[in-house]
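Structure first, commentary second.
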Amino acid sequence: MPPDDSTWRLVRCRDGEPATVRFGGWNCRVVLQSYADGQHPLLRLIDVDDMASVARATVHLPGAELAEDELLVKDYAENEGVLEALIAAGLVEPTGRHISTECASLDVARMSDALSRQWIDFRQSLPAARQGRSRP
């Protein structure tokens, strides 16, 4: 991945340094993107050394009732432990809520204030066509 651009950004800690999480044996940076509708945050973990994709930490579920600062974390199967890693890094807080789908139960997490601000700034920087576009 190239440096931050209009389609993604590295999540930063309060001190401005890139956020790092330990997940599945990898040291990872956290990348902030948007799902196609431009309204929901997508968090992806990438390897610190080679920037290879390690995991997609979040899921977008159309129709899910979430607050502006909430997201759905995929913490099952190959992603088991990702919620704990995001919590340990101070990026999200657990809400104790879950949303069930046909395949799994998704954890509802609240973004930290710092991550929430980064999401708002990132969303506002998206091209106008992506800020409110919805896709079936």
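Mapping to this note's numbering: the sequence shown position 11 is -4, numbers consecutive.
Even for Gly, the Cβ is constructed at its ideal location relative to N, Cα and C.
Remember, it's a predicted structure, so these values are computed and weren't measured experimentally.
- Straight through space, the alpha carbons of ALA42 and LEU68 are spaced by roughly 8 angstroms.
- The DSSP-derived three-state label of ARG108 is helix.
- Membership of LEU71 in the alpha helix (DSSP H) is indicated by the continuous run 67 to 73.
- Taking all protein chains shown into account, HIS25 has 16 or more neighbouring C-beta atoms within 10 Å of its C-beta and is therefore buried.
- For TRP11, the enclosing beta strand (DSSP E) stretches over residues 11 to 19.
- Here the stretch 29 to 37 makes contact with the stretch 8 to 16; the two share three or more CB pairs at distances below 8 angstroms.
- Between the stretch 103 to 111 and the stretch 12 to 24 there are three or more C-beta pairs closer than 8 angstroms, enough to call the two in contact.
- The secondary-structure analysis by DSSP pairs GLU78 across a beta bridge with ARG95.
- For HIS45, no pairing in a beta bridge is given by DSSP.
- LEU(-5) sits in a strand when the DSSP states are folded into three classes.
- In the DSSP secondary-structure assignment, LEU56 is bridged to ALA94.
- Rounded to the nearest whole angstrom, the C-alpha separation of VAL58 and ASP0 is 25 angstroms.
- Using a Cβ distance threshold of 8 angstroms, GLU78 and ALA52 do not count as a contacting pair.
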